[in-house]
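Visitor: Below you will find the structure I want to go over with you.
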Amino acid sequence: MKRRQQVSLQADADELKAVEELKALLDRRGVGPEPAPPDFYWPNHIIRTNHAIDDASSGKAISISWAARVAIPGVVAILFFFIGLHYYVPQGPKDQNTLTSVVLSLSEETIDSLLLEPEHLTESITTGELHGEMFKLSDAQISEYFITTGNAQTLLEAMEPQQVNDLLLTLGSHRN
Amino acid sequence: MHQLSDHELVNEVRNGKRQAYTELMRRYQQRVYWVARRIVGSHEEADDVAQETFIKAYLALGDFRGDSSFFTWLYRIAVNMSLNAVRKQQVMGYLRQSEILSRILPAKETPATELEFKETESLLQRAIEELPEKQRAVFVMRYFDEMPYEEISQVMKTSVGGLKANYFHALKKVQEYLKNEA
Chain Y
113 MKRRQQVSLQ
123 ADADELKAVE
133 ELKALLDRRG
143 VGPEPAPPDF
153 YWPNHIIRTN
163 HAIDDASSGK
173 AISISWAARV
183 AIPGVVAILF
193 FFIGLHYYVP
203 QGPKDQNTLT
213 SVVLSLSEET
223 IDSLLLEPEH
233 LTESITTGEL
243 HGEMFKLSDA
253 QISEYFITTG
263 NAQTLLEAME
273 PQQVNDLLLT
283 LGSHRN
Chain E
2 MHQLSDHELV
12 NEVRNGKRQA
22 YTELMRRYQQ
32 RVYWVARRIV
42 GSHEEADDVA
52 QETFIKAYLA
62 LGDFRGDSSF
72 FTWLYRIAVN
82 MSLNAVRKQQ
92 VMGYLRQSEI
102 LSRILPAKET
112 PATELEFKET
122 ESLLQRAIEE
132 LPEKQRAVFV
142 MRYFDEMPYE
152 EISQVMKTSV
162 GGLKANYFHA
172 LKKVQEYLKN
182 EA
């Protein structure tokens, strides 16, 4: 116990000495403190933060996840597509273009191109299964979207800390 | 409001009084800002981190059980957010160095907020940025904030002994950097 206390005291003394040496070194080098923000920054920061808290907690501002930003336009388009297929019954003159007639005139390749993951389609896939498939985007597709549109910063900010850690480790090992 | 303790203010916030949270922000915004600033290295990033810290703390107030002081709990959030920001900076650094991605990624933008002020990164800050991120956080908390090791231990979830060794090595590294820099 006594030995442990001695070691601890010695460690504290070593630390104190190292801090003094560092401060002396900084003085000799003329290194001053970091420049502080101007006085008006602080109340302004509180105001901005309060507004951000209001947005975050009220639900009035729509916080759209990065996946939803990509998925929503596609989902809306496909939703209307299926609404037209399943609920619209063409009436009236035959020369009037209807959604169904237009859709039915599309080639199979064109219809497949509207789907997000056409490679998952099989001949036996049901409409119900298709609905489920439509609303899924793989992480790779979303990532590719952001990288090719130059929006890696947005992708990065939306990543979970563990994902950032994993990415950092992978990038570091590739560099080495 | 100014006479209430932190725990009393937290209870006021939980009872729906937002001005109590404004008082908590007023008390700790500078400390949160500076710990972020010294870890992430720039005013712009520190501004973001500080704001995100207070937002996250507000939304997570229900999880604050009072086991530690409110400030220690808030500080832990600030340190974690700062370290996340550092890691993201490192990833962006890697991506910018990539031959292919550097062509499609936007160049690092100069901040253009009305609150921008001229900051000159000091030699000490540059030395600190050479430290591994967790060691950087320990150095900032001990050297600048003079936080007791027991409190740093609560923030970093590391043993006091480990922290002391870590800090001592950080001091030596920073000294070495300063001596070697012209």
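Line by line, the protein sequences are chains Y and E. Each position in the first sequence, counted from 1, maps to that position plus 112 in our numbering. Each position in the second sequence, counted from 1, maps to that position plus 1 in our numbering. Note that beta-carbon positions come from the ideal geometry of N, C-alpha and C, so glycine has one too.
1. Let me confirm a value: residue 44(E) is counted as buried when at least 16 other C-beta atoms fall within 10 Å, else exposed. Which label applies?
2. Alpha carbon to alpha carbon, what distance is there between residue 73(E) and residue 156(E)?
3. Can you tell me whether residue 55(E) is buried or exposed, with buried defined as 16 or more other CB within 10 angstroms of its CB?
4. Of all the residues that make up the region 127 to 138 of chain Y, which are near chain E by a beta-carbon distance shorter than 8 Å?
5. At a Cβ threshold of 8 Å, is residue 256(Y) touching chain E?
6. Drop a sphere of 10 angstroms on the beta-carbon of residue 140(Y), count the other beta-carbons inside from all chains shown, and report buried for 16 or more, exposed for fewer.
7. Measuring straight from C-alpha to C-alpha, what distance separates residue 68(E) and residue 142(Y)?
8. Taking the C-alpha atoms as reference points, what is the distance between residue 143(E) and residue 189(Y)?
9. So, with DSSP's three-state summary, where would you put residue 45(E)?
10. Residue 174(Y) to residue 163(Y), Cα distance in whole Å?
11. If we call anything under 8 Å between Cβ atoms a contact, is residue 282(Y) one with residue 52(E)?
12. Just the chain Y side, please: which residues come within less than 8 Å of residue 23(E) by C-beta, in chain order?
13. Is there a Cβ of chain E sitting closer than 8 Å to that of residue 121(Y), yes or no?
14. Short check: CB of residue 141(E) to CB of residue 36(E), under 8 Å?
15. So does the region 161 to 169 of chain E actually touch the region 120 to 131 of chain Y, counting three or more Cβ pairs closer than 8 Å?
16. Give the straight-line distance between the Cα atoms of residue 145(Y) and residue 128(E), rounded to the nearest whole angstrom.
17. Check whether the Cβ atoms of residue 172(E) and residue 280(Y) lie closer than 8 Å to each other.
18. Can you tell me where the alpha helix (DSSP H) holding residue 155(Y) begins and where it ends?
19. Nearest CA to the CA of residue 174(E): which residue from 131(E), 160(E), 135(E)?
20. Within 8 Å of any Cβ in chain E, is that where the Cβ of residue 168(Y) sits?
21. Can you tell me which of 146(E), 91(E), 59(E) puts its alpha carbon nearest to the alpha carbon of residue 11(E)?
22. Can you give me the C-alpha to C-alpha distance between residue 19(E) and residue 82(E), rounded to a whole angstrom?
23. Give a yes or no on whether the minimum CB-CB distance between residue 276(Y) and chain E is below 8 Å.
24. Could you give the C-beta distance for residue 169(E) and residue 39(E), rounded to a whole number, given that I count them as a contact under 8 Å?
Guide: The relevant details are as follows:
1. Mapped onto the second sequence, residue 44(E) falls at position 43. Buried, because 16 or more other Cβ atoms sit within 10 Å of the Cβ of residue 44(E).
2. One-based indexing of the second sequence puts residue 156(E) at position 155. One-based indexing of the second sequence puts residue 73(E) at position 72. Approximately 7 Å between the Cα atoms of the pair.
3. On the second sequence, residue 55(E) is found 54 positions in, with the first residue counted as 1. Classification of residue 55(E): buried, given that the 10 Å Cβ count is 16 or more.
4. 127, 130, 131, 133, 134, 137, 138
5. Translated into the one-based positions of the first sequence, residue 256(Y) becomes position 144. Judged by the 8 Å Cβ criterion, residue 256(Y) is not in contact with chain E.
6. Your numbering for residue 140(Y) matches position 28 in the first sequence. When all chains shown are included, residue 140(Y) counts as exposed.
7. On the second sequence, position 67 is the one that residue 68(E) refers to. On the first sequence, position 30 is the one that residue 142(Y) refers to. Roughly 42 Å between the two C-alpha positions.
8. Residue mapping note: residue 143(E) aligns to position 142 of the second sequence, counting from 1. Residue mapping note: residue 189(Y) aligns to position 77 of the first sequence, counting from 1. About 56 Å.
9. Indexing the second sequence from 1 puts residue 45(E) at position 44. In the structure shown, residue 45(E) sits in a helix (DSSP, three-state: H, G or I).
10. In the first sequence, the residue the question calls residue 174(Y) occupies position 62. In the first sequence, the residue the question calls residue 163(Y) occupies position 51. At residue 174(Y), the pLDDT of 47 sits below 50, so the modelled position is not reliable; the number obtained from the coordinates is stated separately. Cα-Cα distance, rounded: 14 Å.
11. Here the question's residue 282(Y) lines up with position 170 in the first sequence. Here the question's residue 52(E) lines up with position 51 in the second sequence. Result no, Cβ atoms of residue 282(Y) and residue 52(E) do not sit closer than 8 Å.
12. Within the second sequence, residue 23(E) is the residue found at index 22, counting from 1. Within chain Y, the residues near residue 23(E) are 158, 162.
13. Position 9 of the first sequence, counting from 1, holds the residue named residue 121(Y). Answer no: the Cβ-Cβ gap between residue 121(Y) and chain E never drops below 8 Å.
14. Mapped onto the second sequence, residue 141(E) falls at position 140. Mapped onto the second sequence, residue 36(E) falls at position 35. Yes, Cβ-Cβ distance for residue 141(E) and residue 36(E) is below 8 Å.
15. yes
16. Taking the first residue of the first sequence as 1, we reach residue 145(Y) at position 33. Taking the first residue of the second sequence as 1, we reach residue 128(E) at position 127. Approximately 13 Å, taken between the alpha carbons.
17. As a position in the second sequence, residue 172(E) is number 171, starting the count at 1. As a position in the first sequence, residue 280(Y) is number 168, starting the count at 1. Not in contact: residue 172(E) and residue 280(Y) (Cβ atoms no closer than 8 Å).
18. Here residue 155(Y) refers to the residue found at position 43 of the first sequence. That run of the alpha helix (DSSP H) goes 153 to 170.
19. Residue numbering aside, residue 174(E) sits at position 173 when the second sequence is read from its first letter. Nearest of 131(E), 160(E), 135(E) to residue 174(E), Cα basis: 131(E).
20. Start at 1 with the first residue of the first sequence, and residue 168(Y) comes out as number 56. Interface residue, yes.
21. For this step, residue 11(E) is matched to residue 10 along the second sequence. Residue 11(E) has its Cα closest to that of 59(E), out of 146(E), 91(E), 59(E).
22. What you label residue 19(E) is simply residue 18 of the second sequence in a count that begins at 1. What you label residue 82(E) is simply residue 81 of the second sequence in a count that begins at 1. Approximately 23 Å, taken between the alpha carbons.
23. Along the first sequence, read from residue 1 onward, the residue named residue 276(Y) stands at position 164. Yes - at least one Cβ of chain E is within 8 Å of the one on residue 276(Y).
24. Residue mapping note: residue 169(E) aligns to position 168 of the second sequence, counting from 1. Residue mapping note: residue 39(E) aligns to position 38 of the second sequence, counting from 1. Incorrect: roughly 18 Å between the Cβ atoms, too far for contact.
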